[in-house]
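Presented below is the structure to which this report refers.
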Amino acid sequence: MTPELANCVLEGLLLLHEELSQDPESPWYVGTPDQTQVLHDELWILAGELYARSSAALVDAWYRAGRSSLLPVNCTGELFSSRHLQLVG
Numbered sequence: 040m041t042p043e044l045a046n047c048v049l050e051g052l053l054l055l056h057e058e059l060s061q062d063p064e065s066p067w068y069v070g071t072p073d074q075t076q077v078l079h080d081e082l083w084i085l086a087g088e089l090y091a092r093s094s095a096a097l098v099d100a101w102y103r104a105g106r107s108s109l110l111p112v113n114c115t116g117e118l119f120s121s122r123h124l125q126l127v128g
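Each residue of the sequence shown is one higher than the one before, counting from 40 in my numbering.
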């Protein structure tokens, strides 16, 4: 991976962390180190698949994917937030 791609992932992680921390529709996210690592891994995989050029596009792709292993086990794993619905709708 290139330094540019690594930078895109890091910036995307910061954007997504800030967004989820403030989103009342994501009470499952509290920003623990484990959650941060999961977000990083998910963004890294997406960035590799998409060759993302911007952190904003990477965050949009994360929402568009509609799934995260961060969600509680008893949930379906689907992300349902206003932002997610805007991107897929």
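For each residue, glycine too, the CB sits at the ideal point set by N, CA and C.
Predicted model only: the values in this text are computed from it and were never measured.
Quiz prompt | Inter-residue Cα distance where the pair is residue 90 and residue 49 | solution = 14 Å
Quiz item: Do residue 67 and residue 110 have their CB atoms nearer than 8 Å?
Solution: yes
Practice problem: Return the first residue and the last residue of the alpha helix (DSSP H) that residue 95 is part of. | Solution: Element bounds for residue 95: 94-104.
Quiz item: Between the C-alpha atoms of residue 44 and residue 78, what's the straight-line distance to the nearest angstrom?
Solution: Distance between the alpha carbons of residue 44 and residue 78 is about 15 Å.
Quiz item: For the alpha helix (DSSP H) that contains residue 86, what are its first and last residues?
Solution: 72-89
Practice problem: Go through its chain and collect everything with a Cβ distance to residue 61's Cβ below 8 Å, but skip five positions before and after it. | Solution: none
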